[in-house]
Amino acid sequence: MLKKFVFAVVLVAFIGVKFASSLTCYSCIDATSCRKPTIQTCTNATANASSLWLSTYHNDVPEVAGSQSFMCTNLTYYTGPQIPPTASIGPNNTVTSQFLGCVHPDIRICARTLTDPVARATWNSHCGVCYTDNCNYYGPAGTFSSSAYTIIASIAVLLLAKVLS
Ligand SMILES: *[C@@H]1O[C@H](CO)[C@@H](O)[C@H](O)[C@H]1NC(C)=O
Ligand SMILES: *[C@@H]1O[C@H](CO)[C@@H](O)[C@H](O)[C@H]1NC(C)=O
Ligand SMILES: *[C@@H]1O[C@H](CO)[C@@H](O)[C@H](O)[C@H]1NC(C)=O
Ligand SMILES: *[C@@H]1O[C@H](CO)[C@@H](O)[C@H](O)[C@H]1NC(C)=O
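Read in order, the letters of the sequence shown correspond to residues -22 to -1, 1 to 143 in mature numbering (1 follows the signal peptide of the UniProt record, and there is no 0).
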């Protein structure tokens, strides 16, 4: 019984690694294109392209040589009333800048600084990251996909490490 359980855990861990290396994310670079985002596969090259784009309006995007795994993001700047962390932009908000796509985890996208001081003082930011295919999309319910799968996979890896040690 225990052996079976360990096998299942190992299997989950392997599948997790495979999914992580071929993650896909919704992709768009401004309010207009984000009305109809496309889908991109995360690679060092696409994550580099994201860093490059984010550098056009943030002055502190770190250079990352490469990542083993990636994450999907939705970074939205807006004006108007503050929206709760899990809500969508409301009728009284204006999206001033928006980016969806694959990023290197190490750029810590949700902690970046806007270069333009006026924007920095007046824009609100709404930033989410997640780790499953096409998870950076607000469904009809307006909720960001949870990363339950990643959590399961991490627990599996931890257990695997214990078993092997
Ligand atoms: C991504 O960017 C880093 C840092 O600029 C560079 O060293 C690396 O070669 C780039 N990788 C790809 C696949 O473009
Ligand atoms: C990205 O590049 C790094 C080295 O710069 C490499 O170790 C890593 O495996 C690459 N990631 C993918 C998914 O190819
Ligand atoms: C939007 O603004 C209008 C007019 O000020 C107000 O009546 C309405 O309640 C606001 N809606 C939201 C969702 O904040
Ligand atoms: C990105 O986040 C904003 C802010 O919550 C939301 O209004 C928008 O619908 C999201 N974009 C997508 C494509 O899910």
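Backbone N, C-alpha and C fix where the C-beta goes; we use that ideal spot for every residue, glycine too.
These numbers come from a predicted model, not from an experiment.
Residue(s) in a DSSP beta bridge with residue i
i           : result
residue 56  : 73, 102
residue 108 : 50
residue 79  : 51
Pick from the options that is closest to residue i, judged by C-alpha positions
i           : options          : result
residue 49  : 7, 80, -1        : 80
residue 1   : 41, 96, 47, 76   : 47
residue 53  : 110, 112, 6, 109 : 6
residue 96  : 26, 11, 35       : 35
residue 56  : 102, 86, 82, 21  : 102
residue 99  : 58, 69, 13, 114  : 58
residue 82  : 9, 12, 32        : 32
residue 44  : 72, 112, 23, 75  : 23
residue 42  : 86, 91, 111      : 86
residue 92  : 37, 9, 3, 17     : 37
residue 114 : 78, 94, 89       : 78
residue 29  : 13, 73, 90       : 90
residue 65  : 84, 104, 17      : 104
residue 13  : 19, 40, 62, 73   : 73
residue 94  : 84, 109, 75      : 75
residue 88  : 9, 40, 17        : 40
residue 63  : 26, 21, 11, 107  : 107
Boundaries of the beta strand (DSSP E) in which residue i is found, first to last residue
i         : result
residue 5 : 2 to 5
Would you list, in sequence order, the uninterrupted beta strand (DSSP E) runs of no fewer than 3 residues that lie entirely inside the segment 1 to 46? 2 to 5, 16 to 19
Kindly provide the chain-ordered list of residues whose Cβ lies closer than 5 Å to any non-hydrogen atom of ligand 2. 22, 43, 44
If you measure from each residue's Cβ to the nearest non-hydrogen atom of ligand 4, which ones come out under 5 Å, in chain order? 52, 54, 66, 67, 104, 115, 116
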